[in-house]
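Chains A and B, in that order, give the protein sequences. So the first sequence is numbered by full-length UniProt numbering: it starts at 1 and just counts up by one. So the second sequence is numbered by full-length UniProt numbering: it starts at 1 and just counts up by one. Just so it is clear, CB atoms sit at the ideal spot from N, CA and C, and this is done for glycine as well. Remember, predicted model here, so these are calculated numbers, not experimental data.
There are 2 protein chains.
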Amino acid sequence: MAFSVLSSSSLLYLPLKPRNFILPIRCSSPQSISTQSKSTQFDLKTYWTTLIAEIDQKLDEAIPVKYPEQIYHAMRYSVLAKGAKRSPPVMCVASCELFGADRLAAFPTACALEMVHAASLIHDDLPCMDDDPSRRGQPSNHTIYGVDMAILAGDALFPLGFRHIVSNTPSNLVPEPRVLRVITEIARAVGSTGMAAGQFLDLEGGPNFVEFAQEKKFGEMGECSAVCGALLAGAEEDEIERLRRYGRAVGVLYQLVDDILEEKSKSKNGGVVEKKKGKSYVEVFGVEKAMEVAEELRAKAKLELDGFEKYGESTLPLYSFVDYAADRGFKIGDSSS
Amino acid sequence: MAFSVLSSSSLLYLPLKPRNFILPIRCSSPQSISTQSKSTQFDLKTYWTTLIAEIDQKLDEAIPVKYPEQIYHAMRYSVLAKGAKRSPPVMCVASCELFGADRLAAFPTACALEMVHAASLIHDDLPCMDDDPSRRGQPSNHTIYGVDMAILAGDALFPLGFRHIVSNTPSNLVPEPRVLRVITEIARAVGSTGMAAGQFLDLEGGPNFVEFAQEKKFGEMGECSAVCGALLAGAEEDEIERLRRYGRAVGVLYQLVDDILEEKSKSKNGGVVEKKKGKSYVEVFGVEKAMEVAEELRAKAKLELDGFEKYGESTLPLYSFVDYAADRGFKIGDSSS
């Protein structure tokens, strides 16, 4: 049984410290690493480190610089950013491997998820949107390349993602109907039924929109990443739907914790950094309520995974991902951290 | 023989005046209609009128308004614009029908081409790009909905196009591998290898870039539209490549004539309307040179079609499309018009 190998509580602090996976400024503290469960034979640290290194390399290969070079530089700047956490691709690969499928089946889609995710972030950061001059501790794309080029880099990354999937998914591992479903899934997640709607509602702002915006802007990417992995592996429909709910919960949880951390950081520094438009869930409902919701999301995500008990240790990466999303730099429920 | 049915010269003035197909302000003059060839039994006028009405209806159905409504209104505003000429979708359907395939096989892709084309135009019109406050005689998308919403409407239309193809292409008419190739083709045409690169080079401007920009910004859409129709119909590889060259020539020709008409209109009015950045081929090389190139493109496109002689009258719509692209409101070679 997967869950008996590594209990829920022992997963609270996992040794997740691979390159790019945890923001340096929000890195797990040493004591969190020391609480690693001794009971598992599954080496999670190696699993994540290896996987992220492979994804980084494949992303690098996926966007070679061609003429006109500048647009490729702008695309690569955001996709290959050092601070990128690779959450969508790792969730996609981990979901695929849950069902015993070869990760080679998932890599092209994993890379595509990172591309469309980066495209979405580039456009979200624009002055007319969230007006963020920086992203992951680096100047945002338009700060370096200008607003026009940032728009074009995003416009180029979206289709490159789709093309990358079709051109690179190994046909001996993934039948064409599955590839088509993956494309539909990503298109649904990034468009007016997903992230674009989320960004619009985020711009509108206010209590009436914030929950929907969170679901759409952040839940969709998690949902889509988990579902794509399952689709590529040929999972059953009920398993795909289970991972859909898991991925959505983790996606929203991830962002909620980001917002909580930001709010705490602001409080400590006495500074106030207002977004140009819209408000985060934390700004609307407060840290306490957000932490409650985060715990609910953690429980919800794990409950979904419990349904995959028959897959044994293959579930561990997905369990650990929940706690990674929840526990970056502090334990949810401990308001003193 | 297709070409004997309706000779090249008789095609110079075709009765193409269906709704939306010709810009009202650049409509064919009455005398151009009167020169219609009497020799053909193929009713081109009915062909185009019926086809465009079908495309309009399918586009209307393809973008139902959902929550949040405003993003769908913005998407529909540009896609369903009254002045839209539907060139990409009609070329796709005509190419598909060239090979005897059912137009139902092509409609979802035809609609997707119009969606991604509209998305590209919305972004091209933005203040940081070409800064066009109007499009097809109407206020451009950002003029009505704001820059943020215009960016999101474009971001939503690109993936909707891909999703529409996968979800709506009839599987009994088009096998999955063809659908995948269509997706790759469109993704190639709109991305950094195609229109996004063209827009970047257009922003750069100058003689060193203008030809490449024309090819990428306008040729790609024509090429992609023609190729997709052929792919959906299951054409042979050499036929696909022939239509690729045809489509690219027509795409560039179409825009070149647009630019010639604009330049002539400017000269007549004594007005100068400068683009914010970049220059058109006509602005860089002059009307005379542009008209020479336009005639070369017309000849090149028709030469490619001559290779499809065995398909008889099915070639007529594609021949007529070349002349429609070339002869809107004036005859190339007649500088007095």
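Short CB-CB distance (under 9 Å) between residue i and chain C
i, result
"Met221/B", "The structure shown contains no chain C; the protein chains it does contain are A and B."
Test item: CB-CB of residue i and residue j under 9 Å
i, j, result
"Ile186/B", "Val90/B", "no"
"Glu262/A", "Val284/A", "no"
"Arg244/A", "Glu223/A", "yes"
"Ile55/B", "Val93/B", "yes"
"Arg135/A", "Ser78/A", "yes"
"Glu204/B", "Ala213/B", "yes"
"Pro108/A", "Ser167/A", "yes"
"Ile151/A", "Cys128/B", "yes"
"Leu173/B", "Tyr246/B", "no"
"Leu114/B", "Arg76/B", "The sequence given here has Glu at residue 114/B, not Leu. The answer is no: Cβ separation not under 9 Å."
"Ala110/B", "Lys45/B", "no"
"Ala84/B", "Ala233/B", "no"
"Ile71/A", "Phe200/B", "yes"
"Glu296/B", "Glu176/A", "no"
"Ile144/A", "Ala74/A", "yes"
"Asn141/A", "Ile122/A", "yes"
"Pro88/A", "Ser225/A", "yes"
"Gln255/B", "Lys217/B", "yes"
"Ala81/B", "Gly161/B", "no"
"Lys264/A", "Val227/A", "no"
"Asp124/A", "Pro133/A", "no"
"Glu239/A", "Phe99/A", "yes"
"Asp202/A", "Asp259/A", "no"
The ligand GTP heavy atom lying under 8 Å from the CB of residue i
i, result
"His123/B", "No copy of the ligand GTP occurs in the structure displayed, which carries no ligand at all."
Whole-angstrom C-beta distance between residue j and residue i, which should lie under 8 Å
i, j, result
"Arg328/B", "Val257/B", "6 Å"
"Ser314/A", "Glu97/A", "6 Å"
"Gly229/B", "Ser95/B", "3 Å"
"Leu104/A", "Arg181/A", "Their Cβ separation, rounded to whole angstroms, is 19 Å, which puts Leu104/A and Arg181/A out of contact at 8 Å."
"Arg242/A", "Gly198/A", "So it is not a contact: roughly 23 Å between Cβ atoms."
Contact the region 143-162 of chain B vs the region 188-200 of chain A: 3+ CB pairs below 8 Å = Yes: the two stretches touch, three or more of their Cβ pairs being nearer than 8 Å.
Exercise. Quick check: the region 285-301 of chain A against the region 247-260 of chain A, are there 3 or more CB pairs under 8 Å?
Worked result: At 8 Å Cβ cutoff, the stretches touch.
For the region 284-299 of chain A against the region 312-320 of chain A, are there 3 or more C-beta pairs whose distance is under 8 Å?
No contact exists between the region 284-299 of chain A and the region 312-320 of chain A.
Ignoring anything shorter than 4 residues, give me the alpha helix (DSSP H) runs that lie fully in the region 295-330 of chain B, in order along the chain. Qualifying alpha helix (DSSP H) stretches, in chain order: 316-326.
Q: Give, in chain order, every unbroken run of the beta strand (DSSP E) that is at least 3 residues long and sits entirely within the region 49-76 of chain B.
A: The qualifying runs do not exist here; there are none.
Subject >> Residues within the region 195-208 of chain B neighbouring chain A, beta-carbon criterion of under 7 Å >> reply: Going along the region 195-208 of chain B in chain order, one finds Ala196, Ala197, Gln199, Phe200, Leu201 and Leu203 with a Cβ nearer than 7 Å to chain A.
Exercise for review: Give, in chain order, every residue of the region 69-83 of chain A whose Cβ lies closer than 8 Å to some Cβ of chain B.
Suggested key: From the region 69-83 of chain A, only Gln70, Ile71, Tyr72 and Met75 have a Cβ closer than 8 Å to chain B.
For the region 107-123 of chain A, enumerate the residues whose C-beta is nearer than 9 Å to any C-beta of chain B, in chain order.
Those would be Val116, Ala119, Ser120 and His123, in chain order.
message = Taking beta-carbon pairs under 7 Å, can you tell me which members of the region 163-176 of chain B lie near chain A?
response = Listed in sequence order: Arg163, Val166, Ser167 and Glu176.
Discussion item. For the region 126-137 of chain B, list every residue whose C-beta sits within 8 Å of some C-beta in chain A, in sequence order.
Written reply: For the region 126-137 of chain B, which is checked against every Cβ of chain A, the residues closer than 8 Å are Leu126, Cys128 and Met129.
(Q) Could you tell me which whole alpha helix (DSSP H) segments of length 4 or greater appear in the region 171-198 of chain A? (A) Considered as a whole, the region 171-198 of chain A harbours 176-190 as its complete alpha helix (DSSP H) runs of no fewer than 4 residues, in chain order.
Checklist line | Ordered list of alpha helix (DSSP H) runs contained in the region 232-295 of chain B, each at least 4 residues | finding: With a minimum length of 4 residues, the continuous alpha helix (DSSP H) runs that stay inside the region 232-295 of chain B are 237-269 and 281-285.
| Complete alpha helix (DSSP H) runs within the region 106-140 of chain A (minimum length 4 residues, chain order) | Within the region 106-140 of chain A, the complete alpha helix (DSSP H) segments at least 4 residues long are 107-124, listed from N- to C-terminus.
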